[in-house]
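Counting in this note's numbering, the sequence shown runs without a single skipped number right up to 1541 at its last residue.
By construction, the Cβ of each residue, glycine as well, lies at the ideal position given by its N, Cα and C atoms.
For clarity, every value in this text was computed on a predicted model and none was experimentally measured.
One structure is given here, and the rest of the page talks about it.
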Amino acid sequence: LALSIYSEISSQFDGFCFVENIREESSRYGLEKLQKKILSDVLKKTEMEVNKVGGKWLPDDRLRRINVLIVLDDVDHHDQLKALAGSHNWFGEG
């Protein structure tokens, strides 16, 4: 259902990303790989580096300047959500 809705509305956004199987992918590859996927997909660039301070991801400022749609599927821990979507101030209004 989530993927179907995402497919319908994603074209209305400047950047978009659908991350599925977060529970499995994060335990297999780590959250940093998922963070890179989100940045790469949303900003339409390959080989994105994740900025970190004290081991925590700092979102790219460009995320605040565009309308984005990020769907996180199969999140099973609050830490995953915090690492991948953090805070409302990571993103711009709208």
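For this session: Helix, strand or coil for Val1466, going by three-state DSSP, please let me know.
Result: DSSP, read as helix, strand or coil, puts Val1466 in strand.
Exercise. If we ignore side chains and look at the alpha-carbon of each, how far apart do Phe1460 and Ser1454 end up?
Worked result: 11 Å
Problem set entry | Nonlocal neighbours in the same chain, by C-beta distance under 8 Å from Asp1520, ignoring five residues either side | Ala1449, Leu1450, Phe1465, Val1466, Glu1467, Asn1468 and Ile1469
Exercise. Is DSSP giving Ile1517 helix, strand or coil here?
Worked result: strand
For this session: Using three-state DSSP, classify Arg1512 as helix, strand or coil.
Result: coil
For this session: Rounded to whole angstroms, what's the CA-CA distance from Asp1508 to Ser1487? Just pull it up for me.
Result: 14 Å
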